[in-house]
Amino acid sequence: MSGESWQSFLTFGFFIVLTFVCGAYCLLVTRNMIRAIIGLELLIKAVTLLIIVVGHVTGRVALTQALVITIIVIEVVVTVIAGGIALRVFRHNNSLYIGDLNKLKG
Amino acid sequence: MTIPHISIDTILLFTMVAAALWTVMGRSLLKATIGLAITSAIISILMFRLNSPLAAVFELSVCTGLITVVFVSTISLTKPLTHKEIVELSKERHKRFGYLPIIIIVTAIVLTLIKIRNNVAVAPGADITADVRQVMWNIRHLDMFGQILIIIAGALGVVILFEERKRDEW
Numbered sequence: 080m081s082g083e084s085w086q087s088f089l090t091f092g093f094f095i096v097l098t099f100v101c102g103a104y105c106l107l108v109t110r111n112m113i114r115a116i117i118g119l120e121l122l123i124k125a126v127t128l129l130i131i132v133v134g135h136v137t138g139r140v141a142l143t144q145a146l147v148i149t150i151i152v153i154e155v156v157v158t159v160i161a162g163g164i165a166l167r168v169f170r171h172n173n174s175l176y177i178g179d180l181n182k183l184k185g
Numbered sequence: 296m297t298i299p300h301i302s303i304d305t306i307l308l309f310t311m312v313a314a315a316l317w318t319v320m321g322r323s324l325l326k327a328t329i330g331l332a333i334t335s336a337i338i339s340i341l342m343f344r345l346n347s348p349l350a351a352v353f354e355l356s357v358c359t360g361l362i363t364v365v366f367v368s369t370i371s372l373t374k375p376l377t378h379k380e381i382v383e384l385s386k387e388r389h390k391r392f393g394y395l396p397i398i399i400i401v402t403a404i405v406l407t408l409i410k411i412r413n414n415v416a417v418a419p420g421a422d423i424t425a426d427v428r429q430v431m432w433n434i435r436h437l438d439m440f441g442q443i444l445i446i447i448a449g450a451l452g453v454v455i456l457f458e459e460r461k462r463d464e465w
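Note that the protein sequences, when read in sequence, are chains A and B. So for the first sequence, my numbering puts the first residue at 80; every next one is plus one. So for the second sequence, my numbering puts the first residue at 296; every next one is plus one.
This is the structure we're talking about:
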């Protein structure tokens with residue numbers, strides 16, 4: 080890999096890791112279902128950008144774009160289903176608190 | 296005094312992390328959703344700048360637009376908190392999310408100190424000059440099949456989740 084590409088990869092990688100940390104922390108700490116989905120979204124976005132950067136520095140832009148489009152489709156479906164589940168749980172428990180989901184035990 | 300060279304990409308990346316931080320730290324869910332949309336929009340600009348226009352268009356239209364609409368719809372269908380609940384929750388949130396800026400700063404310092412050597416060899420591939428449409432329809436056509444299945448599964452899931460039951464069968 081050329082020096083310029085490597086430097087570009089490191090710069091992007093630095094900020095991508097920080098975004099990933101934001102998403103991971105949100106997912107670990109939050110007790111609200113919608114905020115947990117938002118944390119998951121941040122994680123996916125960081126990974127998506129990393130794939131695009133890798134495609135750019137290696138010259139395989141077409142392949143990485145195809146992969147990213149697939150990831151975006153999966154991301155949307157996961158978000159919609161998770162949002163629907165959160166809504167159903169809210170209607171059932173009148174709360175978005177994750178701790179209220181222990182009624183699934185058994 | 297010389298001003299260090301800061302590229303547009305660096306400014307965009309810095310804004311992206313700031314928007315992500317605002318998304319996580321924000322008190323209101325609606326503000327968090329707007330922060331997520333801003334993060335997504337910045338990522339799509341970066342994708343345009345990295346010669347990936349098709350992925351950028353998908354990111355902008357689907358992630359910035361559709362997912363924001365989904366989140367806003369979900370939030371609007373849930374009950375808003377009372378003032379007392381907001382005050383109680385913000386104290387608790389402050390305790391839990393207050394560590395995030397510190398963690399971000401520590402991670403940034405650690406990443407700055409780590410020296411990574413450039414010994415990555417790029418394996419030769421056949422698709423370096425290929426067009427994205429050619430890759431999607433000829434090389435990765437199984438992905439397209441998987442995407443169709445996922446969309447059908449998602450549609451069925453939405454139908455099951457949102458269908459109104461006449462009586463509580465469970």
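Here a beta-carbon is modelled for each residue, glycine too, at the ideal position from N, C-alpha and C.
The shortest CA-to-CA distance from glutamate 354 of chain B to any of B/Thr369, B/Ala332, B/Lys374, B/Ser368 is the one to B/Ala332. At a Cβ-Cβ threshold of 8 angstroms, valine 156 of chain A and isoleucine 445 of chain B count as neighbours. DSSP places glycine 162 of chain A inside the alpha helix (DSSP H), whose first and last residues are 140-172. When 7 angstroms is used as the limit between beta carbons, isoleucine 153 of chain A is near these residues of chain B: Ile445, in chain order. Exposure of phenylalanine 440 of chain B is indicated by the presence of fewer than 16 other C-beta atoms within 10 angstroms of its C-beta.
At a beta-carbon threshold of 8 angstroms, the residues of chain A lying near asparagine 413 of chain B are Met80, Gly82, Trp85, ordered along the chain. In the three-state reduction of the DSSP assignment, tyrosine 104 of chain A falls in the helix class. Classified as buried, phenylalanine 94 of chain A has 16 or more neighbouring CB atoms from the shown chains inside 10 Å of its CB.
Shown here, asparagine 413 of chain B sits in coil according to DSSP, grouped into three states, outside any helix or strand. From the listed residues B/Ala315, B/Met320, B/Phe309, the smallest Cα separation to lysine 386 of chain B is found for B/Met320. By the neighbour-count criterion, in which 16 or more other beta carbons inside 10 Å mark a residue as buried, tyrosine 176 of chain A falls on the exposed side. Judged by DSSP secondary structure, alanine 425 of chain B falls outside any alpha helix (DSSP H); it is assigned neither H nor E.
Listed in chain order, the positions of the region 317-349 of chain B with a beta carbon within less than 8 angstroms of a beta carbon of chain A are Thr318, Val319, Leu324, Ala327, Thr328, Leu331, Thr334, Ser335, Ile338, Leu341, Met342, Leu345, Asn346, Ser347, Leu349. The Cβ of leucine 456 of chain B sits closer than 8 angstroms to at least one Cβ of chain A.
For asparagine 346 of chain B, the secondary structure class from DSSP, reduced to helix, strand or coil, is coil. Within the region 369-386 of chain B, the residues whose Cβ lies closer than 8 angstroms to any Cβ of chain A are, in chain order, Thr369, Ile370, Leu372, Thr373, Lys374. Below the 8 angstroms Cβ cutoff, chain A contributes no neighbours of glycine 393 of chain B, its closest Cβ being approximately 10 angstroms away. Interface criterion met: the Cβ of glycine 452 of chain B is under 8 angstroms from a Cβ in chain A. Nearest to serine 84 of chain A by alpha-carbon distance, out of B/Glu383, B/Val454, B/Asn414, is B/Asn414. By the neighbour-count criterion, in which 16 or more other beta carbons inside 10 Å mark a residue as buried, tyrosine 394 of chain B falls on the exposed side. The beta carbon of glycine 118 of chain A sits closer than 6 angstroms to the beta carbons of Gly102, Cys105, Leu106 from its chain, once the five residues preceding and following it are set aside; these are given in chain order.
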